[in-house]
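Right, one structure below, let's go through it.
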Amino acid sequence: MFSEYLKKEKIIIDSYLLNFLGREKPRFSKINIWGKDAIAKIGEFSVLGKTIRGTLVMLSAEMFGYKNSDPLVILAGGIELIHTSLLIHDDIMDEDLKRRGIDTIFASYLPIARINQLQNQYLFAQSMGICVGDMGFFLFLKSLNMAKIPADIKTKIIEKISDEIIAVGLGQMQDIYLGQSQKNVDEKDIMNVYLRKTARYTFSLPLALGSMLADQKTETILELERLGEYLGLIFQIKDDEIGLFSKISGKPLGSDIRKNKKTLIRYYLFDKAGPEDKLLLKKTFGNPKIKNTDIEKVQKLASRYHIHERINATVTPLVDQSKKIIHLLKISSFYKNILLDLLDQMLIRNK
Numbered sequence: 005m006f007s008e009y010l011k012k013e014k015i016i017i018d019s020y021l022l023n024f025l026g027r028e029k030p031r032f033s034k035i036n037i038w039g040k041d042a043i044a045k046i047g048e049f050s051v052l053g054k055t056i057r058g059t060l061v062m063l064s065a066e067m068f069g070y071k072n073s074d075p076l077v078i079l080a081g082g083i084e085l086i087h088t089s090l091l092i093h094d095d096i097m098d099e100d101l102k103r104r105g106i107d108t109i110f111a112s113y114l115p116i117a118r119i120n121q122l123q124n125q126y127l128f129a130q131s132m133g134i135c136v137g138d139m140g141f142f143l144f145l146k147s148l149n150m151a152k153i154p155a156d157i158k159t160k161i162i163e164k165i166s167d168e169i170i171a172v173g174l175g176q177m178q179d180i181y182l183g184q185s186q187k188n189v190d191e192k193d194i195m196n197v198y199l200r201k202t203a204r205y206t207f208s209l210p211l212a213l214g215s216m217l218a219d220q221k222t223e224t225i226l227e228l229e230r231l232g233e234y235l236g237l238i239f240q241i242k243d244d245e246i247g248l249f250s251k252i253s254g255k256p257l258g259s260d261i262r263k264n265k266k267t268l269i270r271y272y273l274f275d276k277a278g279p280e281d282k283l284l285l286k287k288t289f290g291n292p293k294i295k296n297t298d299i300e301k302v303q304k305l306a307s308r309y310h311i312h313e314r315i316n317a318t319v320t321p322l323v324d325q326s327k328k329i330i331h332l333l334k335i336s337s338f339y340k341n342i343l344l345d346l347l348d349q350m351l352i353r354n355k
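Okay, so the sequence shown: first residue is 5 according to this note's numbering, each after it adds one.
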C-alpha cells in the first residue's frame, strides 16, 4: 500500500519541483555561467530519490482530512529541496563520489576542473558543491513563501523546520567527530546520532508538518513526532545493514567501514569479538584502502557473532512501539494500513 501511495505522490511532488525550478532557472541563468547548470543539478538530484519525506508530509496532512492541495504540494516539495541540500553537503563531508549510482553533485564538477586545468581541482569541486547545496535551502524558502498558508501556521512551520535542521547540523557534527575519534562509543551515543541526523528530520519532521498544516492539536503532533523517531531509528539501523551487506544500495559497499562510522553494527562487532578478531576489526575500520576481501571478512564476523540477530533484538521494540502509536491514531483504517505497510517495507528493504 505505501509503495503505491509513494509512487502516486512522488509524481505530483516531482512535477511541482521541476516546474518550480524551471521557472526559477531563467532568473539565475542571467547572473553568470553557473546559474542554469546549478538549478538543473538541484532539480535532477531532487527527483532521483525515493521522495519519502515529501510523501510523508502529504500523507500526514491527508490522513487528517486536509484538502488544499497547492500549499501541501509546495510544502512537500520544499522538504525534498532541503533534503537535497543536506545530501549534497553530506556527500562532501563524507567524500562520496557516488550516490544512487551516479556522480554526487560535487563530483560532477571534477571534470570541469580537469578540462580547465584548475590549480586545486578537488577543492574547487567541493566548494562548488557547497554553493549548490546552499542554494537549495533558499530555494525552499522561496517556494514556501509562495504557499497560501495561514500566517500563524506558516510561522510555526518555519520554526519547526528551522529547529530540526539545526539539530541535523549538530547531529552531523557529532557523527563527524565520532568518525575521527579513537574513543569507544556506547550504544546510547550512536542512537542519539541516529535520532538527530536521520530519524527526526526524515520521519518526525514530515509527519509533524503535515499535521500542522491540517491544524491538529499539539498532542497529536507530538505523538506523530514520537512515531517518526521510532520509524527513523528503524530506517537508519536497517540502512547500516544495507551498507554492509547489500550490493544494490547505490553506494560503495563498505563505505561505513572505510570511514570508521560509529554504527550499531560496528559497536556490536567490537563488543562481541575475541582478541584476534578485534585486532582485525581495528585494522579494517577507518582504513580507506580496504578491499572487497576485507569487507567480506567483516561480513563473516558479523555472521559468526550473530550481529543480525542482535540488530533484530534492538529493532523489535521499536517496531512494537510504532504499531502501538499507529493503532491509537484517530485516523481511518486506510491510512493506518498505509503506515503499517511503510513499517513492513522498511524491515525488508535492501536499498
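By construction, the Cβ of each residue, glycine as well, lies at the ideal position given by its N, Cα and C atoms.
Original post:
Considering only the beta carbon of each residue, do leucine 114 and glutamine 123 sit closer than 8 Å?
Top reply: Numbered from 1 along the sequence shown, position 110 holds the residue referred to as residue 114. Numbered from 1 along the sequence shown, position 119 holds the residue referred to as residue 123. Contact flag unset, no.
Proximal residues to tyrosine 271 (C-beta, below 8 Å), its chain only, five neighbours per side dropped:
Numbered from 1 along the sequence shown, position 267 holds the residue referred to as residue 271. Val189, Asp190, Glu191 and Ile194.
Quiz item: Three-state secondary structure (DSSP) at aspartate 179?
Solution: Residue mapping note: residue 179 aligns to position 175 of the sequence shown, counting from 1. Reduced to three states, the DSSP call for aspartate 179 is helix.
* Measure the alpha-carbon distance for lysine 328 versus arginine 57 and round it to whole angstroms. => In the sequence shown, residue 328 corresponds to position 324, counting from 1. In the sequence shown, residue 57 corresponds to position 53, counting from 1. The straight-line gap from Cα to Cα measures roughly 22 Å.
State buried or exposed for serine 337, treating a residue as buried only when at least 16 other CB atoms are found within 10 Å of its CB. The residue given as residue 337 occupies position 333 in the sequence shown. Exposed, because fewer than 16 other Cβ atoms sit within 10 Å of the Cβ of serine 337.
* To do: Identify, in the order they occur along the chain, each residue of the same chain with its Cβ nearer than 7 Å to the Cβ of arginine 204, setting aside the five sequence neighbours on each side.
  => On the sequence shown, position 200 is the one that residue 204 refers to. Excluding positions up to five away in sequence, the list reads Glu168, Ala171, Gly232, Glu233 and Gly236.
Quiz prompt | Secondary structure of aspartate 244, DSSP reduced to three states | solution = In the sequence shown, residue 244 corresponds to position 240, counting from 1. Reduced to three states, the DSSP call for aspartate 244 is helix.
message: Taking the straight line between their C-alpha atoms, what separation do you get for lysine 34 and phenylalanine 144?
response: Residue mapping note: residue 34 aligns to position 30 of the sequence shown, counting from 1. Residue mapping note: residue 144 aligns to position 140 of the sequence shown, counting from 1. Taking the straight line from one Cα to the other gives about 20 Å.
Would arginine 200 be called buried (16 or more neighbouring beta carbons within 10 Å of its own) or exposed?
Mapped onto the sequence shown, residue 200 falls at position 196. By the neighbour-count rule (16 or more Cβ atoms within 10 Å), arginine 200 is buried.
Give a yes or no on whether the minimum CB-CB distance between threonine 222 and chain D is below 8 Å. Here chain D cannot be found, since the structure has a single protein chain.
Who are lysine 328's beta bridge partners in DSSP? Sequence index remark: in the sequence shown, residue 328 carries index 324 (1-based). Answer is none; lysine 328 lacks a bridge partner.
If the criterion is Cβ atoms closer than 8 Å, does the pair leucine 213 and glycine 140 meet it?
Taking the first residue of the sequence shown as position 1, residue 213 is located at position 209. Taking the first residue of the sequence shown as position 1, residue 140 is located at position 136. No, they are not a contact pair.
- Query: Going by the beta-carbon positions, is the gap between isoleucine 330 and leucine 273 smaller than 8 Å?
  - Reply: Numbered from 1 along the sequence shown, position 326 holds the residue referred to as residue 330. Numbered from 1 along the sequence shown, position 269 holds the residue referred to as residue 273. Contact flag unset, no.
Item to complete: Closer than 7 Å by C-beta to isoleucine 264: which residues in its own chain qualify, once you throw out the five before and the five after it? Chain order, please.
Response: For this step, residue 264 is matched to residue 260 along the sequence shown. For the sequence presented, residue 264 should be read as asparagine rather than isoleucine. Contacts found: Gly183, Phe289 and Gly290.
Q.
Tell me the DSSP secondary structure of arginine 103 in three-state form.
A. Counted from its first residue, the sequence shown places residue 103 at position 99. Looking at arginine 103 - three-state DSSP - the assignment turns out to be strand.
6 Å CB neighbourhood of aspartate 298 in its chain, flanking five on each side removed = One-based indexing of the sequence shown puts residue 298 at position 294. Within the same chain, aspartate 298 has close Cβ partners Thr288.
**Study point:** Spatial neighbours of glycine 47 in its chain, beta-carbon cut-off 7 Å, leaving aside the 5 residues before and after
**Key:** As a working mapping, residue 47 is identified with position 43 in the sequence shown. Cβ neighbours of glycine 47 beyond the five flanking positions: Leu21, Leu22 and Leu25.
Runs of alpha helix (DSSP H) lying entirely within the region 16 to 98, each at least 4 residues, in chain order
Within the region 16 to 98, the complete alpha helix (DSSP H) runs of at least 4 residues are 39 to 50, 56 to 66 and 73 to 98.
Notebook entry, point to check: How about methionine 5 and aspartate 244: are their beta carbons less than 8 Å apart?
Noted result: Reading the sequence shown from its first residue, position 1 is the one you call residue 5. Reading the sequence shown from its first residue, position 240 is the one you call residue 244. Not a contact, by the Cβ cut-off of 8 Å.
Mapping the DSSP letters down to three states, classify leucine 122 as helix, strand or coil. By one-based count along the sequence shown, residue 122 stands at place 118. Leucine 122 falls in the coil class under three-state DSSP.
message = Once the 5 residues before and after valine 319 are set aside, which same chain residues still bring their CB inside 7 Å of it?
response = Along the sequence shown, one-based indexing puts residue 319 at 315. Excluding positions up to five away in sequence, the list reads Ile238 and Ile241.
*In angstroms, rounded to a whole number, what distance separates the CA positions of asparagine 36 and glycine 133?*
What you label residue 36 is simply residue 32 of the sequence shown in a count that begins at 1. What you label residue 133 is simply residue 129 of the sequence shown in a count that begins at 1. Within the model, the alpha-carbon separation for asparagine 36 versus glycine 133 is close to 16 Å.
Task: Counted within 10 angstroms of its Cβ, other Cβ atoms place threonine 206 as buried (16 or more) or exposed - done: On the sequence shown, residue 206 is found 202 positions in, with the first residue counted as 1. It counts as buried.
Fill in: Proximity of leucine 248 and aspartate 260 at Cβ, strictly below 8 Å
For this step, residue 248 is matched to residue 244 along the sequence shown. For this step, residue 260 is matched to residue 256 along the sequence shown. Yes.
According to DSSP, simplified to helix, strand and coil, what is arginine 230?
To locate residue 230, count along the sequence shown from 1; it is residue 226. The three-state secondary structure of arginine 230, taken from DSSP, is helix.
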